[in-house]
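Everything below concerns the one structure shown next.
Number of protein chains: 2
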Amino acid sequence: MTNNELMKEDLKHIFHPCSQMKDYEKLPLIPIKKGKSSYIYDFEDNEYLDCISSWWVNIFGHSNDYINKKINEQLQDLEHVIFAGFTHKPAIDLAKRLVSLTPEPLQKIFFADNGSSAIEISLKMAFQYFKNKGISKPLFVSLENSYHGETMGALAVSDNGLYKDIYEDILIKTIQAKSPSLHDEDIAIDDMRSILKKYEGQVSSVVIEPLIQCAGSMKMYNASYIKKLRALCDEFGVFLIADEIAVGFGRTGTLFAIEQADITPDFLCLSKGITGGYMPLSVVMFTDDIYNAFYCDYDEGKSFLDSHSYTGNTIACAVANAVLDIFEKENIIEKNQEKIALIEKQTQRFKSLENVFEVRQRGMVCAIELKGYDSNRRINLEIFQAALKEGVYIRPLGNVIYFMPPYCFTNEQLIKMIDVTYDIVSTKI
Amino acid sequence: MTNNELMKEDLKHIFHPCSQMKDYEKLPLIPIKKGKSSYIYDFEDNEYLDCISSWWVNIFGHSNDYINKKINEQLQDLEHVIFAGFTHKPAIDLAKRLVSLTPEPLQKIFFADNGSSAIEISLKMAFQYFKNKGISKPLFVSLENSYHGETMGALAVSDNGLYKDIYEDILIKTIQAKSPSLHDEDIAIDDMRSILKKYEGQVSSVVIEPLIQCAGSMKMYNASYIKKLRALCDEFGVFLIADEIAVGFGRTGTLFAIEQADITPDFLCLSKGITGGYMPLSVVMFTDDIYNAFYCDYDEGKSFLDSHSYTGNTIACAVANAVLDIFEKENIIEKNQEKIALIEKQTQRFKSLENVFEVRQRGMVCAIELKGYDSNRRINLEIFQAALKEGVYIRPLGNVIYFMPPYCFTNEQLIKMIDVTYDIVSTKI
């Protein structure tokens, strides 16, 4: 079948995520037949360098032989089993490994299916922790320009008008503090302090995306803010939730972004890269203190009874273990340092372009913010299309181009990604 | 490793879903090494007949050869690709097949990862449909004794105190109408009418689990209620959301429960059995009229921008197609009729037991509600343990024992499941 035939079949029935479907009248959907390593291929054998890791998930390339092998092995034994009252080795191994890879106080883990669900679990647990002690602290604080997911709790703590505003009437009220990515760090921390002061005793948790507000135009800030925020949360007796759904698993240069701030959050939410772009899985990690607040006789009614049917899915846990194997065996974090340096070096030249406002980078995420375009002009689509013609798949957010390549990108592939983009930004647009 | 060694490793780090972790001090967690067809096996080679399909998902047995083969084939080509702007054949095929298997007006489909996310999507879409036309209808109506999931929107439309009450302060307010499973059907429909009348113009949707309120003690009601509710929703201009996450894919005897009411809901939510117990996937199906309310020029800001990273996951779609293959090739729905009749026949004898309040059944779900036990006595755990000793895994909800076997159960396995349970209920408890 041709791309066009498949697109037509698709558009008869499918509403795609994060899409105005009418856009596909002018901007054809691309049916993908095959993926291998850094490339995806359509039904007419065009190849595209997947420079955003298929929405920030595919960290080791498509159809990875090692992960495929591990899935096959797992399928012979067990695909899935109820995770209430039962358990299995892939989940036990994964829990043990994640605990050993994260700050020591994070000893406990709760499984879920996607990032939104992980955020919901951390919010509910943070609230219930205090409720179990007889105190209701119904308020949640997040940062302006934040994004934490699509379900109604995760959306309520987000501050992205594009995704949230229309639902205002059906979301609980939450509070947003000034973001260190948009303001001076001290101004941001002062704002957080005045909010925690004003609502003292009512706030159960503060939730942040450490270092990068990814869906928030890839705005970035420094680890020093996180350190100050940690102290502030301690001062006010408020939990700190680190949403590393997008930034975890090596994205910011370290395995987890919080390492750079040298702090321990009370909750750590992980997803996306955890299965290397293979399938949904998320986890929430937390402290023994939090765990113990739910540990009592059943009759006391204080447990955390959350569940999704596929909680602790066996195949997904086996895949996550394979992902951790690759990190270890291939020494990924160390090897990425060279790629990070290359990206930094190669993107310097954007800074001298008239239409570039800023080039910013944290590890394996580099964003180029443009300026001077009419707000009605959908410059992101123009750049997307121009790059696609050159076999480079990028997906700018508004006027922010970003690179979030899989860690299997070769130097040549990284250079091609940047060169193609530079040509477009400097001459064609 | 022994069961006990693995359990200890597990309990160091894992917080299990829907569990008071302290219970595991007395009621050991069971590590599962292997699953095959109707059985799961622990690390000491004990076998358990999985009579609840591993939490209502595993409809064709564990480690199914055909599904395994289809996963392998898919892994060679493509494990996953971003579903915004791109598509793939497994999703297109699945959409087409689901549209052909459901009522004709349900032409459109939106993908998500789990049941809760599907509910959230239907609630948000129902609300936004009216908002896009300039009207805010922020209220949602559901049934008393209902359960629709764990994320904060899905939980808000649930009415299960065990899961919801503690979070009251962080959930939006919704309205519950009398359930036809607990009241006379006409009283229930009158109550719904008076609610829709009282809040006329403010309600965007009514959400129900057709025929069985599964987590609500497997309470059941008749298709005639759904027919009346459909008429009522039409009268008041309110959407009807059918949550077939648990009851879909053959559970109630027909492929979908709504078939028995001969109506079309405005939204149909599916998950669990959709991947035959293999991995998370959910879909929301809806009408062209709903789709069209979001279809416009991008600038109008009326699209539905929801997304999860793994939306339309390729492997999960391939698995779902394999599941539909099995339904077709093995003529499952027709073959299940014999099993349904056998379950009905074999469970009649419970009715004459002193400690049995009611035996109820809808297709492949049969519930036996007990009576006469002190509310403090955790009779469910006693029955669970007694059955497990006989190699039969059931998981009673409070004083309600239920059977929800995979469709691969043989007559002998069905009889064993019922015989073991009967012995326990009639003599041992």
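Note that the protein sequences, when read in sequence, are chains X and W. Its first residue numbered 775, the first sequence is counted upward by one per residue in my numbering. Its first residue numbered 775, the second sequence is counted upward by one per residue in my numbering. Virtual Cβ for every residue (Gly too), placed ideally from N, Cα, C.
Under 9 Å, do Ser896(X) and Cys1091(X) count as touching if we go by C-beta distance?
Numbered from its first residue, the first sequence carries residue 896(X) at position 122. Numbered from its first residue, the first sequence carries residue 1091(X) at position 317. Not a contact, by the Cβ cut-off of 9 Å.
Neighbouring residues, chain W, relative to Gln902(X) (Cβ below 8 Å)
As a working note, residue 902(X) is residue 128 in the first sequence. What Gln902(X) touches in chain W: Ile940, Tyr941.
Less than 9 Å between the beta carbons of Phe901(X) and Asp943(W), yes or no?
Numbered from its first residue, the first sequence carries residue 901(X) at position 127. Numbered from its first residue, the second sequence carries residue 943(W) at position 169. Result yes, Cβ atoms of Phe901(X) and Asp943(W) sit closer than 9 Å.
Please report the distance separating the alpha-carbon of Glu853(X) from that of Gly809(W).
Numbered from its first residue, the first sequence carries residue 853(X) at position 79. Numbered from its first residue, the second sequence carries residue 809(W) at position 35. Whole-angstrom Cα-Cα distance: 8 Å.
Please report how far the alpha carbon of Val873(W) lies from the alpha carbon of Ile1175(W), in whole angstroms.
Walking along the second sequence from the start, residue 873(W) turns up at place 99. Walking along the second sequence from the start, residue 1175(W) turns up at place 401. Straight-line Cα distance between these residues: approximately 35 Å.
Using a C-beta cutoff of 9 Å, does Gly859(X) count as contacting chain W?
Counting from 1 along the first sequence, the entry for residue 859(X) is found at position 85. Chain W, which has a Cβ nearer than 9 Å to the Cβ of Gly859(X), makes this yes.
CB contact below 9 Å: His922(W) versus chain X:
For the purposes of this step, residue 922(W) is taken as residue 148 along the second sequence, with counting starting at 1. By the rule that beta-carbons nearer than 9 Å mark a contact, His922(W) does not touch chain X.
Could you say which of Leu1014(W), Met926(W), Ile986(W), Asp1197(W) lies nearest to Phe1124(W) if we only look at CA atoms?
Taking the second sequence and counting its residues from 1, the one referred to as residue 1124(W) is at position 350. Taking only the C-alpha atoms, the option nearest Phe1124(W) is Asp1197(W).
Does Thr861(W) come out as helix, strand or coil in the three-state DSSP assignment?
Against the second sequence, residue 861(W) aligns to sequence position 87. Strand at Thr861(W).
Pick helix, strand or coil for Ser1056(X), following the three-state DSSP scheme.
Counted from its first residue, the first sequence places residue 1056(X) at position 282. Strand, per DSSP.
Quick check on Leu1042(W): does DSSP put it in helix, strand or coil?
In the second sequence, residue 1042(W) corresponds to position 268, counting from 1. If DSSP states are grouped into helix, strand and coil, Leu1042(W) belongs with the strands.
So the candidates are Gly1075(W), Asn820(W), Ile1019(W), Ile1048(W); which of them puts its Cα closest to the Cα of Leu936(X)?
Locating residue 936(X) in the first sequence gives position 162, counting from the first residue. Taking only the C-alpha atoms, the option nearest Leu936(X) is Gly1075(W).
Looking at the structure shown, is Lys938(X) part of a helix, part of a strand, or coil, going by DSSP?
Numbered from its first residue, the first sequence carries residue 938(X) at position 164. In this structure, Lys938(X) counts as helix in the three-state DSSP scheme.
Buried or exposed for Gln1111(X), please, with buried defined as at least 16 other CB atoms from any protein chain shown within 10 angstroms of its CB.
Stepping through the first sequence from its first residue, residue 1111(X) is reached at position 337. Gln1111(X) comes out exposed.
Under 8 Å by Cβ, that's how I've got Ile982(W) and Leu917(W) pegged, so tell me the actual separation to the nearest angstrom.
On the second sequence, residue 982(W) is found 208 positions in, with the first residue counted as 1. On the second sequence, residue 917(W) is found 143 positions in, with the first residue counted as 1. Indeed, because the Cβ distance is near 6 Å, the residues count as touching under 8 Å.
Span of the beta strand (DSSP E), counted from its first residue to its last, around Leu880(W):
Sequence index remark: in the second sequence, residue 880(W) carries index 106 (1-based). Unbroken beta strand (DSSP E) run through Leu880(W): 880–886.
Can you check DSSP and say which residues form a bridge with Arg871(X)?
The sequence position of residue 871(X) within the first sequence is 97, counting from 1. DSSP, once it has assigned bridges, lists no residue as partnering Arg871(X).
Whose Cβ in chain X lies nearer than 8 Å to the Cβ of Lys764(W)?
Here chain W has residues from 775 to 1203 only, and residue 764(W) is not among them.
C-alpha distance - Thr1058(X) paired with Gly1022(W), whole-angstrom precision
The residue you call residue 1058(X) lines up with position 284 of the first sequence. The residue you call residue 1022(W) lines up with position 248 of the second sequence. Just to set this straight, residue 1058(X) is Val in the shown sequence, not Thr. Cα to Cα, Val1058(X) sits roughly 30 Å from Gly1022(W).
Heavy atom of the ligand NAP less than 8 Å from the Cβ of Leu917(X), yes or no?
Here there are no bound small molecules, and the ligand NAP is not part of this structure.
So, at 8 Å on beta carbons, what are the nonlocal neighbours of Thr948(X) in its own chain, with the 5 sequence-adjacent residues on each side left out?
By 1-based counting over the first sequence, the position of residue 948(X) is 174. If we look at Thr948(X) and ignore the five residues flanking it on each side, its Cβ neighbours are Leu913, Phe914, Val915, Ser916, Ala930, Val931.
Three or more beta-carbon pairs under 8 Å between the stretch 783–799 of chain W and the stretch 838–848 of chain X, yes or no?
no
With DSSP collapsed to three states, give me the class of Gly927(W).
Position 153 of the second sequence, counted from the first residue, corresponds to residue 927(W). Correct three-state label for Gly927(W): helix.
So what does DSSP say about Lys907(W), is it helix, strand or coil?
Against the second sequence, residue 907(W) aligns to sequence position 133. It is coil, neither helix nor strand.
Ignore the nearest five residues each way along the sequence and tell me which others in Tyr1052(W)'s own chain have a CB closer than 7 Å to its CB.
Here residue 1052(W) refers to the residue found at position 278 when the second sequence is read from its first residue. Excluding positions up to five away in sequence, the list reads Ile841, Val1093.
Please check if any C-beta of chain W sits within less than 9 Å of the C-beta of Asp1099(X).
If you number the first sequence from 1, residue 1099(X) lands on position 325. No - not a single Cβ of chain W is within 9 Å of the one on Asp1099(X).
Contact criterion: CB-CB distance below 9 Å. Does Met781(X) meet it with respect to chain W?
What you label residue 781(X) is simply residue 7 of the first sequence in a count that begins at 1. True, the Cβ-Cβ gap to chain W drops below 9 Å.
The stretch 1162–1174 of chain X in contact with the stretch 1023–1030 of chain X per 3-pair CB rule at 8 Å:
no
Using DSSP with H/G/I as helix, E/B as strand and the rest coil, what is Asp1197(X)?
In the first sequence, residue 1197(X) corresponds to position 423, counting from 1. Here Asp1197(X) sits in helix by DSSP.
Looking only at DSSP bridge pairs, what is Val1130(X) linked to?
For the purposes of this step, residue 1130(X) is taken as residue 356 along the first sequence, with counting starting at 1. Under DSSP, Val1130(X) shares a beta bridge with Leu1144(X).
Should Ala930(X) be flagged as near chain W, meaning a C-beta pair shorter than 9 Å?
On the first sequence, position 156 is the one that residue 930(X) refers to. So yes, Ala930(X) belongs to the interface.
Provide the residue span of the alpha helix (DSSP H) that contains Phe1010(W), from first to last.
For the purposes of this step, residue 1010(W) is taken as residue 236 along the second sequence, with counting starting at 1. 997–1010 is the span of the alpha helix (DSSP H), which, as asked, contains Phe1010(W).
Whether His862(W) touches Lys807(X) by CB criterion (9 Å):
Walking along the second sequence from the start, residue 862(W) turns up at place 88. Walking along the first sequence from the start, residue 807(X) turns up at place 33. Cβ distance < 9 Å, so His862(W) and Lys807(X) count as in contact.
Since Phe884(W) meets chain B, which of its residues come closer than 7 Å, beta carbon to beta carbon?
The structure shown contains no chain B; the protein chains it does contain are X and W.
Counting only C-beta atoms, is Lys907(X) closer than 9 Å to chain W at any point?
Looking up residue 907(X) in the first sequence gives position 133. For Lys907(X), the answer is no, since every Cβ of chain W falls outside 9 Å of its Cβ.
Counting pairs of Cβ atoms below 8 Å between the stretch 812–830 of chain W and the stretch 1183–1197 of chain W, do you hit three or more?
The stretch 812–830 of chain W makes contact with the stretch 1183–1197 of chain W, as at least three CB pairs between them are under 8 Å.
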